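Numbering (our numbering), first residue to last: -15 to 266.
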């Protein structure tokens, strides 16, 4: 079988069922690449285990961090916080050959009639602009979430050090990433990879709309057009599906929690094939 660019996210390997699934993930070609769009786990040891294992199996693994990797969890002996925690994981990835948002963006060489494409892993976080319905400010939106009893654990475990806040960290990451993406070859299509959805529309399916404020930023709504994306890969929502915007597939590639699979199932093959594109827009 010809080489493929595949994607996964939200592995959550602390769950034994998920760990067993990840242990069984294998390429169908020695030339397969794998995107890991965040939330391998919460503990540093679990994240390192998952990425190191996958790096031994695929020609290239590309990681974009999720929010769970950035948690300083009370059960984790590694107490690094914020930027320091992220940089620790970047250095670990480099030690096992996994590419990160801090490395030069690789070019997937193409196969099966699909030409080359830049794979751009992003680390952007969120800035609370996906506000709860009927609210106009971050403060109002957070208050609504607390009233509804829908508050992301990031508020307690994802520390922004040394940035003043998570939204300040997000703004710094946006500026850094926009500068890098602007320098890409305009003639080569791009696969954008971010743990959080780039467009608010993807969060419309959430059971609790108050949770959307921890899911992205309005500033990335046009990035699929601005940076000539051939596909966008994300996770975080635990709602695996593909939607289309302006002819571009937006692929939510999550494995999610065992209880979610038991309740809702998933008819999708996982890992998810991104390139060569498995089918056209509906």
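Even for Gly, the Cβ is constructed at its ideal location relative to N, Cα and C.
Here the structure is a predicted model, which is why all the values come from computation and not from measurement.
- Between the segment 76 to 91 and the segment 99 to 113 there are three or more C-beta pairs closer than 8 angstroms, enough to call the two in contact.
- Taking every protein chain shown into account, the CB of residue 139 has fewer than 16 other CB atoms within 10 angstroms, so this residue is exposed.
- Cβ atoms of residue 20 and residue 47 come within 8 angstroms of each other, at about 5 angstroms.
- Assignment of alpha helix (DSSP H) within the segment 17 to 99, counting only whole runs of 4 or more residues, yields 28 to 39 and 66 to 79 in chain order.
- At least 8 angstroms separates the beta-carbon of residue 145 from that of residue 32.
- Closest in C-alpha terms to residue 193, from the list 59, 119, -6 and -8, comes 119.
- Cβ contact annotation for residue 42 (same chain, cutoff 7 angstroms, sequence separation greater than five): 11, 16, 17 and 18, in chain order.
- Taking the Cα positions, residue -10 is about 11 angstroms away from residue 175.
- For the pair residue 130 and residue 123, the Cα-to-Cα distance works out to about 11 angstroms.
- Inside the segment 90 to 159, DSSP marks whole beta strand (DSSP E) runs of 3 or more residues at positions 101 to 105, from first to last along the chain.
- In the structure shown, residue 234 adopts extended strand secondary structure according to DSSP, grouped into three states.
- For residue 247, the enclosing alpha helix (DSSP H) starts and ends at 242 to 248.
- For residue 207, the enclosing alpha helix (DSSP H) has its first and last residue at 207 to 210.
- With fewer than 16 neighbouring CB atoms inside 10 Å of its own CB, residue 228 falls in the exposed class.
- Around the CB of residue 137, fewer than 16 other CB atoms lie within 10 Å, so the residue is classed as exposed.
- Minimum Cα-Cα distance from residue 203 among the listed residues 78, 221, 224 and 162 corresponds to 162.
- Contact between residue 34 and residue 53 is absent: CB atoms are separated by about 10 angstroms, not below the 8 angstroms threshold.
- Under the three-state reduction of DSSP output, residue 15 falls in the coil class, being neither helix nor strand.
- Pairing residue 236 with residue 76, the inter-Cα distance amounts to about 26 angstroms.
- Within a 10 Å sphere around the beta-carbon of residue 0 sit fewer than 16 other beta-carbons, which makes this residue exposed.
- Taking the CA atoms as reference points, residue 258 sits about 12 angstroms from residue 218.
- Residue state for residue 225 is assigned as strand, using DSSP reduced to three classes.
- Residue environment for residue 182: buried (at least 16 other C-beta atoms within 10 angstroms of its C-beta).
- Contact check for residue 216 against residue 232 passes: the beta carbons are separated by less than 8 angstroms.
- For residue 214, there is no enclosing alpha helix (DSSP H); the enclosing beta strand (DSSP E) has its first and last residue at 213 to 218.
- Here DSSP, grouped into helix, strand and coil, assigns residue 166 to helix.
- Across the structure, residue 101 and residue 90 are spaced so that their CA atoms are roughly 8 angstroms apart.
- Around the beta carbon of residue 224, 16 or more other beta carbons sit within 10 angstroms, so the residue counts as buried.
- Judged by DSSP secondary structure, residue 4 falls within the alpha helix (DSSP H) whose first and last residues are 0 to 8.
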